[in-house]
Amino acid sequence: MRNKLAFRSIYFALGVLFAATAQADLAEMRGSLFQAAEDARAIALAKSANELAPISFAEAAELYDRADTMFDRSGSVDTIRKTLSKSEHRFNKASEAADIAASALDSTIQARRDASSSDAKGYASDEWETGEIAFAEATRRLERGSISSSQRYAKKAETAYRDGELIAIKANYLDETRNLIERAEKLRAERYAPVSPDNASKLLSNAENALTQDRYDTDRPRSLAVDAKHAALHAIYVSTLEQRIRDR
């Protein structure tokens, strides 16, 4: 009985060892097969090729996934290698297309970044969505070689992004700052910190005027709005602190 148990234990241990060895061999084989395609994919992603060159990137990703499925199903190594070679080529092509798009659509891409940093997606979802649809179409048409058509969609996207950014700045900075100034007034901040609330109101007014004068130059209004917000918060802090001291 003891011999049988010992034999079973040895048999089980050998089975575990063989399984672990086989798994390690598979992992090593997969690494050697997929490495070049994975490196090409990483470079493409670093260049935002999934957004700037969506056609080539999607083709490359589909080929990569196909090779991955074949490997999991123990498919032909030669077929997997050929599929991955095609995937690598498409990823490299996507990287090249992304470089071209980054230059050709630079102003639209900057507008998209500005809208994103202002949280236009949350405050101006319609404008953001319009921009995203037009931007995606601009990149696809550019990748197909339709330059003039791409530029039309890029201009539409840029306008939508700037509109969304403006709405977001007003909501996220101006409206919030206006509410803070009203709160400071209720706390009688002009009595405890007379400089800050007055300064906040002036900065807010300057920010609104700057937005009206040049709606596409949002850097200065944003900076003024942030300064106004800080001044209002300072007035609230000083007023609250002063009232606490008086209460004590």
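Just so we're aligned: the sequence shown equals residues 26 to 273 in this note's numbering. By construction, the Cβ of each residue, glycine as well, lies at the ideal position given by its N, Cα and C atoms. Since this is a predicted model, take the numbers as computed values, not measurements.
Are the Cβ atoms of residue i and residue j separated by less than 8 angstroms?
i, j, result
"Leu130", "Ala163", "yes"
"Leu77", "Ala122", "yes"
"Asn234", "Ala256", "no"
"Arg115", "Ser81", "yes"
"Arg98", "Leu58", "no"
"Ser174", "Arg187", "no"
"Ala159", "Lys181", "yes"
"Ala260", "Ala232", "no"
"Ala83", "Ser112", "no"
What is the C-beta distance between residue i and residue j, in whole angstroms, given that I count them as a contact (C-beta under 8 angstroms)?
i, j, result
"Ser226", "Ile194", "Not a contact, Cβ separation roughly 18 angstroms."
"Gly156", "Ala126", "Wrong, their Cβ atoms sit about 16 angstroms apart, outside the cutoff."
"Lys68", "Ser143", "Note on residue identity: the sequence assigns Ile, not Lys, to residue 68. So it is not a contact: roughly 30 angstroms between Cβ atoms."
"Asp139", "Glu190", "5 angstroms"
"Thr133", "Glu183", "4 angstroms"
So the candidates are the options; which of them puts its Cα closest to the Cα of residue i?
i, options, result
"Lys146", "Glu113, Asn197 and Ser128", "Asn197"
"Arg245", "Ala260, Leu258 and Leu229", "Leu229"
"Gln268", "Thr243, Ile68 and Arg213", "Arg213"
"Ala209", "Leu236, Lys254 and Thr155", "Lys254"
"Ala219", "Ala250, Tyr262, Lys180 and Thr184", "Inspection of the sequence shows that residue 219 is occupied by Pro rather than by Ala. With distances taken between Cα atoms, Pro219 lies closest to Tyr262."
"Arg66", "Ile192, Arg55 and Leu109", "Leu109"
"Ala62", "Asn75, Pro79 and Leu88", "Leu88"
"Met54", "Leu70, Asp93 and Asn75", "Asp93"
"Leu70", "Val102, Ser171, Asp103 and Asp124", "Asp124"
"Asn204", "Met95, Thr237 and Leu258", "Leu258"
"Glu201", "Arg91, Ser141, Ile270 and Arg247", "Arg247"
"Arg169", "Thr237, Pro79 and Val102", "Pro79"
"Lys118", "Ala149, Asn75 and Arg216", "Asn75"
"Leu236", "Trp153, Ile192, Ser141 and Asp272", "Ile192"
"Gln176", "Trp153, Tyr148, Ser128 and Lys211", "Ser128"
Next on the checklist: Going residue by residue through the segment 146-180, where are the continuous alpha helix (DSSP H) segments of at least 4 residues, counting only ones entirely within it?
Outcome noted: 150-169
Checklist entry - At what residue ranges does the segment 189-270 contain a whole run of the alpha helix (DSSP H), taking only runs of 4 or more? => result 201-211, 214-217 and 220-238
Checklist entry - Taking the runs of the alpha helix (DSSP H) that are 4 residues or longer, which of them lie wholly in the segment 43-105? => result 74-77 and 79-97
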